[in-house]
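Participant: Add 103 to a position in the sequence shown, counting from 1, and you land on the number used in my numbering.
Pasting a structure here, questions to come.
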Amino acid sequence: MTKHIGKENQLSLKLFDLILKKEGKSVEYIEGKITFTKHSSRLKNYLYDIVIKALEDYHVQKSINITVRRKINQIEILYNKALYKQAVVMADKTLKLSQKIDNQTYIIETISWYMNALKTFEGKKYQAKYDRLQKIQNEAINKLSVERKYLNLSNKGFILTKKSGLLQSQENLNKFNEIINNPLLSEDVLTNSFISTRCFHSIWANYHYATNNYKEEHKCLYQVIKLYEDYPLRKDTDQYNYITYLNNYAVGCSRNKDWEQAQYYFKKLSAISPNSNQIEIKIFEYLSCNYLNLLIEDVDLDKMKKELPKIELGLKKYDSKITPLFKKIIQFNLCYSYFLL
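Structure follows, in structure tokens:
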């Protein structure tokens with residue numbers, strides 16, 4: 104194994120050779136055989152690369168984003184190897200997938216390699232395809248430019264309301280009014296991409312919540328939920344935001360005393376298969392805090408009894424990883440639930 108690798112890598116790989124040869128020997132024995140005083144960083148980098156590659160291989164099965172990124176890299180490899188026909192086939196499939204998630208960056212990058220490969224062919228049919236791709240790419244470039252403007256407005260609004268979603272001063276309200284008065288947030292604007300549309304409704308929802316207009320906030324959140332139904336793959340690529348909107352909409356239903364709808368959307372939230380530990384913990388926080396609060400308000404003792412053991416188990420499992428504010432609310436709701444029981 105090591106003879107084909109340079110000397111600096113041989114030192115790092117000796118550890119793996121020893122583990123294979125000395126199976127059954129103690130860790131102390133192996134550590135005593137090799138000293139990484141001069142090359143410890145190389146070993147760390149080597150192991151780090153292995154772990155990252157393993158994680159990538161695992162998550163590529165669950166993440167559309169990683170899948171598309173890999174396919175774009177594969178197109179580049181095929182092109183550089185002068186395998187132009189294969190590059191075109193791969194680019195065509197990747198473009199369709201990029202369009203399904205409406206990711207302008209991926210669309211632009213895929214088409215660049217696609218057109219590079221097509222340049223090597225002659226004939227009218229290739230020129231027609233080239234022209235069509237150029238048109239799609241130009242549209243994606245324009246969409247991306249608009250998306251960045253919406254994201255900038257969205258970030259400004261989020262900073263003003265901070266984590267609580269509330270405006271802390273009249274000055275912040277004035278600043279948010281300036282954001283809302285931006286022409287991009289006019290009712291007459293027709294957004295033409297997933298990100299732009301999501302930001303449009305999200306900014307308005309944030310504004311209505313901050314100004315205590317919960318009815319209008321609820322309408323805006325519904326438009327965002329509906330948008331995800333139109334782009335189902337985005338539920339994966341944009342999972343953190345998706346679960347947040349589901350939670351916020353369910354909370355809105357609960358606020359409006361629409362228990363049935365609230366139960367429905369909390370159930371959708373609990374049915375999501377998280378693609379990361381972060382998402383798993385966030386779903387636990389939302390359900391343990393807001394769903395339990397719904398059961399308390401509805402005085403649904405039977406469902407409460409079923410949820411409490413799960414919540415206690417989750418508190419032990421996630422412990423310090425739970426957001427402090429959520430932990431306080433969950434613990435309070437737990438105490439109140441046991442009081443009701």
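Virtual Cβ for every residue (Gly too), placed ideally from N, Cα, C.
Nothing here was measured: the structure is a model prediction, and the numbers come from that model.
(1) Would you check if there are 3 or more beta carbon pairs closer than 8 Å linking the segment 279–293 to the segment 317–327?
(2) Between which two residues does the alpha helix (DSSP H) carrying D401 extend?
(3) Within the continuous alpha helix (DSSP H) that includes F369, where are the two ends?
(4) Indicate whether G260 and N309 have their beta-carbon atoms separated by less than 7 Å.
(5) With DSSP run on the structure shown, which of helix, strand or coil describes T294?
(6) With H, G and I counted as helix, E and B as strand and the rest as coil, what does DSSP make of A185?
(7) Hey, D205 and Y334: beta-carbon distance below 7 Å or not?
(8) Express the C-alpha separation of L416 and I283 in angstroms, rounding to a whole number.
(9) Quick one: give me the first and last residue of the alpha helix (DSSP H) that D405 is part of.
(10) In whole angstroms, what separates the C-alpha of Y233 from that of Q381?
(11) Can you tell which of I386, L395, E388 and Y343 has its C-alpha closest to the C-alpha of Q366?
(12) With 16 as the cutoff for other CB atoms within 10 Å, does K385 come out buried or exposed?
(13) Measure the C-alpha to C-alpha separation of H311 and F303 and round it to an integer number of angstroms.
(14) Contact between the segment 345–364 and the segment 222–233 is defined here as three or more beta-carbon pairs at a separation below 8 Å; is this criterion met?
(15) My assumption, with CB atoms under 8 Å, is that I346 sits in contact with S391. Please give the rounded CB distance.
(16) For I133, does the three-state DSSP call read helix, strand or coil?
Facilitator: Checking against the coordinates, here is how it stands:
(1) With a cut-off of 8 Å, the segment 317–327 and the segment 279–293 do not count as touching, because too few Cβ pairs lie within range.
(2) Stepping through the sequence shown from its first residue, residue 401 is reached at position 298. Unbroken alpha helix (DSSP H) run through D401: L395 to D401.
(3) Counting from one through the sequence shown, the residue named residue 369 turns up at place 266. Residues W362 to S373.
(4) Residue mapping note: residue 260 aligns to position 157 of the sequence shown, counting from 1. Residue mapping note: residue 309 aligns to position 206 of the sequence shown, counting from 1. The criterion of a C-beta distance shorter than 7 Å is satisfied by G260 and N309.
(5) Counting from one through the sequence shown, the residue named residue 294 turns up at place 191. T294 falls in the coil class under three-state DSSP.
(6) On the sequence shown, position 82 is the one that residue 185 refers to. Of the three classes helix, strand and coil, the one that applies to A185 here is coil, per DSSP.
(7) As a working note, residue 205 is residue 102 in the sequence shown. As a working note, residue 334 is residue 231 in the sequence shown. Contact flag set, yes.
(8) Within the sequence shown, numbered from 1, the residue matching residue 283 stands at position 180. Within the sequence shown, numbered from 1, the residue matching residue 416 stands at position 313. In this structure, the straight-line span from the alpha carbon of I283 to that of L416 is close to 43 Å.
(9) Taking the sequence shown and counting its residues from 1, the one referred to as residue 405 is at position 302. Boundaries of the alpha helix (DSSP H) around D405: L404 to Y421.
(10) Locating residue 233 in the sequence shown gives position 130, counting from the first residue. Locating residue 381 in the sequence shown gives position 278, counting from the first residue. Each residue's Cα considered, the two are about 42 Å apart.
(11) The residue given as residue 366 occupies position 263 in the sequence shown. The shortest C-alpha separation from Q366 is found at L395.
(12) In the sequence shown, residue 385 corresponds to position 282, counting from 1. Buried is the call here.
(13) Stepping through the sequence shown from its first residue, residue 311 is reached at position 208. Stepping through the sequence shown from its first residue, residue 303 is reached at position 200. Looking at the backbone, the Cα of H311 and that of F303 are separated by about 13 Å.
(14) When Cβ pairs closer than 8 Å are counted between the two stretches, the segment 345–364 is seen not to touch the segment 222–233, the count staying below three.
(15) As a first step, residue 346 is located in the sequence shown; it is residue number 243 there, counting from the start. As a first step, residue 391 is located in the sequence shown; it is residue number 288 there, counting from the start. Their Cβ separation, rounded to whole angstroms, is 14 Å, which puts I346 and S391 out of contact at 8 Å.
(16) As a working note, residue 133 is residue 30 in the sequence shown. Residue placement at I133 is poorly supported in this model, since its pLDDT is 49, which falls under 50; the coordinates are not used for a value here.
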